[in-house]
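Trainee:
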Amino acid sequence: DETVHCLAAEPMYTVLRVAVEEGDNQVAFDTAVLGVLRPGYRNFQLRSTRTGTRIEMCHLLVHIKIDKEPHVWAEAERLRTQLVRQQEQLREHQEKLANQEIELAEARAKIDELMSRLHEQGSPLLTHQASR
29 DETVHCLAAE PMYTVLRVAV EEGDNQVAFD TAVLGVLRPG YRNFQLRSTR
79 TGTRIEMCHL LVHIKIDKEP HVWAEAERLR TQLVRQQEQL REHQEKLANQ
129 EIELAEARAK IDELMSRLHE QGSPLLTHQA SR
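First residue of the sequence shown: 29, per the numbering used here; consecutive thereafter.
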């Protein structure tokens with residue numbers, strides 16, 4: 029009574045091989061394409077390991093259960109796409125930030141220039157601010 033779990037990305041191109049062993053020797057086997065196996069009990073007529081011909085009255089009864097697994101490669105691809113999109117957004121935000129820093133520096137330079145002019149003119153605004 030053995031349980032085997034098979035996970036195949038391409039079941040129609042995956043071959044399942046079952047074998048019967050006696051000690052260290054394989055005495056019989058059979059193969060089936062994983063994608064064509066139907067759920068339920070199935071009968072494998074075993075073959076000779078020496079000749080590959082079917083052995084009369086030599087069968088293996090197996091129970092097939094088919095489940096679906098999430099396609100992790102598709103999930104990885106979706107995450108990769110999301111990462112690329114977020115990297116592009118990050119670059120856009122960095123460019124906007126750099127432009128805003130330039131605008132801020134220009135605005136500070138204008139403020140400094142205006143303050144300098146007001147100081148040269150002896151503006152009462154400067155003395156009012158200084159007394160605060």
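Where is the CB? At the ideal position from N, CA and C, for every residue including glycine.
Since the model is a prediction, treat every value here as computed from it, not as a measurement.
#1: With distances taken between CB atoms, is the gap from H87 to Q110 smaller than 8 Å?
#2: Go ahead and pull the three-state DSSP assignment for D140.
#3: If I follow the unbroken beta strand (DSSP E) through L65, where does it start and stop?
#4: How would you call D29, buried or exposed, if buried means at least 16 neighbouring beta carbons within 10 angstroms?
#5: Could you check which residue in S76, H33, D140 has the C-alpha nearest to that of Q54?
#6: Buried or exposed: D140, going by 16 or more other Cβ atoms within 10 Å of its Cβ?
#7: Can you tell me whether DSSP reads H121 as helix, strand or coil?
#8: Between which two residues does the beta strand (DSSP E) holding D162 run?
#9: If you compare alpha carbons, which of E97, Y69, N71 is closest to A36?
Mentor: Looking at the coordinates:
#1: no
#2: helix
#3: L65 -> no beta strand (DSSP E), and no H or E assigned at all.
#4: Here D29 is exposed. Its C-beta has fewer than 16 other C-beta atoms within 10 Å.
#5: Taking the Cα of Q54 as reference, the smallest distance to any Cα among S76, H33, D140 is reached at S76.
#6: Answer is exposed; the Cβ neighbour count stays below 16.
#7: helix
#8: With the chain represented from 29 up to 160, any question about residue 162 goes unanswered, as that position is not in the structure.
#9: E97
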